[in-house]
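Below is one structure, written out as structure tokens; the observations come after it.
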Amino acid sequence: MKTILILEDENKLSTILAKKLNTLGFKTLQASDGKEGLKLLTYNSVDLILLDILMPNMDGHEFLNQLHDKHLNLPVIVLTNLDPVSIPSGVQKVLVKSNTSLEDIVTEILYYLNP
Numbered sequence: 001m002k003t004i005l006i007l008e009d010e011n012k013l014s015t016i017l018a019k020k021l022n023t024l025g026f027k028t029l030q031a032s033d034g035k036e037g038l039k040l041l042t043y044n045s046v047d048l049i050l051l052d053i054l055m056p057n058m059d060g061h062e063f064l065n066q067l068h069d070k071h072l073n074l075p076v077i078v079l080t081n082l083d084p085v086s087i088p089s090g091v092q093k094v095l096v097k098s099n100t101s102l103e104d105i106v107t108e109i110l111y112y113l114n115p
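Here it is as structure tokens:
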């Protein structure tokens, strides 16, 4: 079973994503900020990360820096309403929340987990 880490501070969106992914047979872990996400990565094996950029305590940019510093080469899909140009390199895909359906997110996840 593949595991997806959802880093999203909007609890409602995080819950919707987790429920959908669970029904498709994925295990999900949820964190509301980058610090919590890094802790989960310490104790869990993860196959893909869904990452919001604007989060409290540790934002998505800092999380990505920490991820790269730890040499963790995991696929990352960014979900944000920020201008995609402002997203740092090293992510597989940037999806704009307001323009992306749940099914589109699932399609991207399946693409990166089942190449």
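At position 97 of the sequence shown the residue is numbered 97 (the UniProt record's numbering), and the sequence of numbers has no breaks. Where is the CB? At the ideal position from N, CA and C, for every residue including glycine.
Phe-63 and Leu-79 have their alpha carbons spaced roughly 14 Å apart. Looking at Lys-2, Leu-72, Ile-49, the one whose alpha-carbon comes closest to that of Ser-14 is Ile-49. By the CB criterion at 8 Å, Ile-6 and Leu-38 fall outside the cutoff. At a Cβ-Cβ threshold of 8 Å, Lys-93 and Glu-108 count as neighbours. A Cβ-Cβ distance of about 5 Å is found for the pair Leu-51 and Gly-60, placing them in contact under the 8 Å criterion.
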